[in-house]
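Accompanying notes for the structure given below.
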Amino acid sequence: MQIQVVGINHKTASLKIRARVGLTPDLIAQAYQRVEELRDNQGVVILSTCNRTEIYVAGSVPYAAIVQWWGNIVGVDRGEFSDAVFWYADDRALDHLFRVAAGLDSMVLGETQILGQVKAAYEVSQRYGTARALHRLFRSTLTVGKRAHAETGISQNALSMGHAVVELARKVFGDLHRTRAVVIGSGEMGTLVARHLMGSGVGNLTLVNRTVPKARELAEELGSDYAGMEQVPQLMRTADIVVTATNASEFLLTDQMVRTAIRGQSQRLRFLFDLSVPRNMDPAIAKLGSGMFLYDVDDVEAVVQANLAHRQKEAGKVEKIIQEEILALKEELAASEVGPVIRQLRSKADAIRVAELEKAMNRLGNLSATEKAVVADTTRLILNKFLNDAMVTMRSWAAEGDKQDQIEAVRELFKLTESTEAPAVQVPDIALEPER
Amino acid sequence: MAAVAFVAALYNGRWKHWAFYSFVLGWVSQTIWLAREALVLNVWPTSTPYAWVAGFTWLAVTAFAVYQRVRPEWPLGGFLMPVAVVVWLGGQALPRNRELAPGGNVPAASLELLMLACVAFLLAAVFSIMYSEKERELKRKRVRLFYYQLPPLDVMDVVSARLAMAGLILLTLSLGLAAWWGEMISGQVWTWVVHDVGIDLVWVAYAVYGALRIWGWQGHRAAVYTMTAFLLVLANIFAMGLMIHGFSLYNG
Chain A
7 MQIQVVGINH KTASLKIRAR VGLTPDLIAQ AYQRVEELRD NQGVVILSTC
57 NRTEIYVAGS VPYAAIVQWW GNIVGVDRGE FSDAVFWYAD DRALDHLFRV
107 AAGLDSMVLG ETQILGQVKA AYEVSQRYGT ARALHRLFRS TLTVGKRAHA
157 ETGISQNALS MGHAVVELAR KVFGDLHRTR AVVIGSGEMG TLVARHLMGS
207 GVGNLTLVNR TVPKARELAE ELGSDYAGME QVPQLMRTAD IVVTATNASE
257 FLLTDQMVRT AIRGQSQRLR FLFDLSVPRN MDPAIAKLGS GMFLYDVDDV
307 EAVVQANLAH RQKEAGKVEK IIQEEILALK EELAASEVGP VIRQLRSKAD
357 AIRVAELEKA MNRLGNLSAT EKAVVADTTR LILNKFLNDA MVTMRSWAAE
407 GDKQDQIEAV RELFKLTEST EAPAVQVPDI ALEPER
Chain B
7 MAAVAFVAAL YNGRWKHWAF YSFVLGWVSQ TIWLAREALV LNVWPTSTPY
57 AWVAGFTWLA VTAFAVYQRV RPEWPLGGFL MPVAVVVWLG GQALPRNREL
107 APGGNVPAAS LELLMLACVA FLLAAVFSIM YSEKERELKR KRVRLFYYQL
157 PPLDVMDVVS ARLAMAGLIL LTLSLGLAAW WGEMISGQVW TWVVHDVGID
207 LVWVAYAVYG ALRIWGWQGH RAAVYTMTAF LLVLANIFAM GLMIHGFSLY
257 NG
């Protein structure tokens, strides 16, 4: 059985194309209702997020048919987006889906949101009953995603400025619940950092702005305190984390101001973030105490870059997990294909044995029950020994994978069909011993 | 080997397994050796300076194992094991035949409490080393190894202080017991013998540390203090054991 994926993502298509052929929940519902239009499909799962739309199909459905079907669903001629479409089959398709679930294919390396989106996509397909032959694949995919995040550091360490501020603060203060933070500036960056700090559970947050109503407005939204610029020296004394993010062209925090504010507390740990350009904090502040840490935009950005490098290093470990899971899945899929063939072959052979045994028993009518049992047992032993090598070989195919041709050859040679799996001939009432 | 593997594990996680296995091997060997010394040769960790250091390093490593169970994510081994190995190697030079408490002039319980106190001081110093390394990375703004692996600064600071205070309490008990015993057998609570003065200096150093913490000391200065104070502990162990007549408390 072939597994293939047809799709577009942030690497292959512009935002315009992604928006044009992306599948909304309504369109996905429509697509699942029209899934029979994809002839010979054995399972369909659609994953659609703002960065990707991917259609996973089990079965020998031609690429062109899938793209045509997709175009029909979204009402766009396939010629308009086919250049941006990628197509992977078999191992490449498995590898791609596993990479997507682990966050290796995401815009932000190692992000965790995509795993939830993959899970949701799988659940929707289950609701419509279209996943069918893709169940195993998606169960393995969720395992890969969970393992990647649990066993490696692919999703650890911040990759955005707002997160990085919180992460750096956590490197100094283990528990932010006991800290007091002051954010000066209610612009885009100030708001972002304030949101992150509140989200991380900072004990107390005070928003400071030249325009107090603006600070109040944001403070009410976030559930924090607010103050005017004149209160900064007072706030500095008790603050553990201070962030400036304003457009001011001069120092809002001078070394003299901070020296006065922290008098007698020079050893206390404090983290100051100057996210303004030009700077709003005098660099000399960093020398005011051994517990003082002062980071500007470039320093925070350097941490983000270091974190990215760290995640890239972890990506190697995720790749290993993916390869392990691909092997395991292929074995599982192969076993699921070999299993029925083994059962069919044994069933057919046993049916023939039982039929011939019955004829023989009719000709040897004067045999005792014990003698009949011995004859029956002998025929079964002969059959078992004869089939043993074939069974072992086919089981090894399951372990090796990629043996579809051989499996088909066995089916062809012995004329095995679904119907041969059930006993074709009624077992006669002979005292047979349990199979050895 | 375990020390090397633990340090290597800081740089490459694949060494963690080697570190663990070599640690278990080393710990089991040391335990068997200590048991043999005690049960077969009747040399207990409180018998000679050499045996005392062997017992001290075993206890420190055992305490590390317990800590690691509680906080497996903290790479304490990479910092503690090299120090423990250096102390153990240094202990090889200490006298093997000289009694620690000639004529039973110091109760064994006092020496055991002293050993526990020194282990607490060692762990406090190790957390201070970890603090200093992480602080250095953060101050230099070049995040590398310790930024990702070590606990937050304030946590290491508090753990170090708690361990130092626990050590101070144990040392106080040890000295109190020795003083009480000394009064019982010789009528003297205090002598100006160099060993007594040395160990009392250690007590004073950690008592001052406790006072400074209450006064507001924390972070960098506190870390430097506990590291320096532990050097005083080492000086007591080795200088007293090597150069002066055995390492003992109130032996007159």
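In order, the protein sequences belong to chains A and B.
With our numbering, letter number 275 in the first sequence gets 281, and the count goes up by one each step, no holes.
With our numbering, letter number 28 in the second sequence gets 34, and the count goes up by one each step, no holes.
Every residue gets a Cβ at the ideal spot worked out from N, C-alpha and C, and that includes glycine.
Checklist entry - Based on Cα-Cα distance, which residue from A/Asp304, A/Ala35, A/Val189, A/Asp101 lies nearest to A/Leu224? => result A/Val189
Checklist entry - When DSSP builds the beta bridges, which residues end up paired with A/Ser54? => result A/Thr59
Checklist entry - On the premise that B/Arg20 lies in contact with B/Tyr268, defined as a C-beta separation below 8 Å, what is that separation, rounded to the nearest angstrom? => result For residue 268 of chain B there is no data in the structure shown, the boundaries of chain B being 7 and 258.
Next on the checklist: Residues of chain B with CB closer than 7 Å to the CB of A/His316, please, in chain order.
Outcome noted: Per Cβ cutoff of 7 Å: Tyr154.
Checklist entry - From A/Arg138, A/Leu148, A/Asp89, A/Asn47, pick the residue whose C-alpha is nearest to that of A/Ile327; which is it? => result Checked all of A/Arg138, A/Leu148, A/Asp89, A/Asn47; the closest Cα to A/Ile327 is A/Leu148.
Checklist entry - Under a three-way DSSP split, which group does A/Ile436 fall into? => result With a pLDDT of 39 at A/Ile436, under the threshold of 50, the modelled position of this residue cannot be trusted, and the question is left open.
Item to check | Rounded Cβ spacing between B/Ala213 and B/Ala167 (contact assumed at less than 8 Å) | outcome: Separation of the CB atoms of B/Ala213 and B/Ala167 is rounded to 13 Å, and the pair is thereby denied contact status at 8 Å.
Checklist entry - What residue ranges within the segment 12 to 86 of chain B form continuous alpha helix (DSSP H) runs of no fewer than 4 residues, ordered along the chain? => result 22 to 45, 55 to 76
Item to check | Alpha-carbon spacing of A/Trp75 relative to A/Ala37, whole angstroms | outcome: 9 Å
Checklist entry - So which residues of chain B does A/Leu275 contact, with C-beta pairs closer than 9 Å? => result Leu159, Asp160, Asp163, Gln224, Gly225
Checklist entry - Under a CB-based cut-off of 9 Å, is B/Arg168 close to chain A? => result So, not an interface residue.
Next on the checklist: Using beta carbons (cut-off 9 Å, strictly below), is A/Gly116 in contact with chain E?
Outcome noted: Considering every chain present, this structure includes no chain E. Its protein chains are A and B.
Item to check | Identity of the residue in A/Thr250, A/Arg145, A/Gly168, A/His316 nearest A/Ile160 by Cα | outcome: A/His316
Item to check | Three-state class that DSSP yields for A/Val12 in the structure shown | outcome: strand
Next on the checklist: Suppose the cutoff is 6 Å on Cβ atoms and the five residues either side in sequence are ignored; what does the same chain contact list for A/Asn163 look like?
Outcome noted: Asn313, His316
Checklist entry - Roughly how many angstroms separate the alpha carbons of A/Gly81 and B/Tyr153, rounded to a whole number? => result For the pair A/Gly81 and B/Tyr153, the Cα-to-Cα distance works out to about 52 Å.
Next on the checklist: Let me see if you follow: with CB-CB separation under 9 Å, is B/Lys22 close to chain A or not?
Outcome noted: Chain A, which has no Cβ nearer than 9 Å to the Cβ of B/Lys22, makes this no.
Checklist entry - Of all Cβ atoms in chain A, is any one closer than 9 Å to the Cβ of B/Arg104? => result no
Checklist entry - Would you say B/Tyr256 reaches chain A, if we count a Cβ-Cβ gap shorter than 9 Å as a contact? => result Residue placement at B/Tyr256 is flagged as unreliable, the pLDDT there being 45, under the threshold of 50; the coordinate-derived value follows with that caveat. So, not an interface residue.
Item to check | A/Ala187 - partner residues in DSSP beta bridges | outcome: As computed with DSSP, A/Ala187 is found in a beta bridge with A/Leu211, A/Ile247.
Checklist entry - Using the rule of at least 16 other Cβ atoms within 10 Å of the residue's Cβ for burial, across every protein chain shown, is A/Asp111 buried or exposed? => result buried
Checklist entry - Do you know how far the Cα of B/Thr54 is from the Cα of B/Val195? => result So the two alpha carbons sit approximately 23 Å from each other.
Next on the checklist: Contact defined as beta carbons within less than 8 Å: I believe A/Arg186 pairs with A/Gly209. What is the distance between those atoms, to the nearest angstrom?
Outcome noted: The beta carbons of A/Arg186 and A/Gly209 sit about 6 Å from each other, so the pair counts as a contact at 8 Å.
Next on the checklist: Checking the sheet assignment: what are the DSSP bridge partners for A/Asp49?
Outcome noted: Here residue 49 of chain A is Gly; the residue named in the question, Asp, does not match the sequence. A/Gly49 is bridged to A/Ala64.
Item to check | N-terminal and C-terminal residue of the beta strand (DSSP E) that A/Leu300 is part of | outcome: 298 to 302
Item to check | Cβ neighbour criterion (16 or more within 10 Å) applied to A/Tyr451 | outcome: Since the displayed chain A opens at 7 and closes at 442, residue 451 of chain A lies outside it and no answer follows.
Item to check | Residues, ordered as in the chain, of the segment 236 to 257 of chain A that lie near chain B by beta-carbon distance below 7 Å | outcome: none
Next on the checklist: Quick check on DSSP: helix, strand or coil for B/Asn257?
Outcome noted: In this prediction, B/Asn257 has a pLDDT of 45, which is less than 50 and means its spatial position is unreliable; what the coordinates show is noted afterwards. Here B/Asn257 sits in coil by DSSP.
Next on the checklist: Excluding the 5 residues flanking A/Gly297 on each side, which residues of the same chain have their C-beta closer than 8 Å to its C-beta?
Outcome noted: Within the same chain, A/Gly297 has close Cβ partners Ser272, Gln273, Arg274, Leu275, Arg276.
Item to check | the ligand ZN heavy atom lying under 8 Å from the CB of A/Lys378 | outcome: With respect to the ligand ZN, the structure shown offers nothing to examine, as it has no ligands at all.
Checklist entry - Nearest chain B C-beta to A/Gln271 closer than 9 Å, yes or no? => result yes
Checklist entry - Is there at least one Cβ from chain B nearer than 9 Å to A/Lys326's Cβ? => result no
Checklist entry - For A/Tyr94 versus A/Gln10, is the C-beta distance shorter than 9 Å? => result yes
Checklist entry - If A/Ile79 sits next to A/Arg24, beta carbons under 8 Å apart, how far is it from one beta carbon to the other, in whole angstroms? => result The Cβ separation is near 15 Å, so there is no contact.
Next on the checklist: Going by DSSP, what residue range makes up the alpha helix (DSSP H) through B/Ala126?
Outcome noted: 114 to 146
Checklist entry - What residues from chain A crowd round B/Val132, counting only those whose CB sits closer than 7 Å? => result The premise fails here: B/Val132 is roughly 18 Å from chain A at the closest Cβ pair, so nothing lies under 7 Å.
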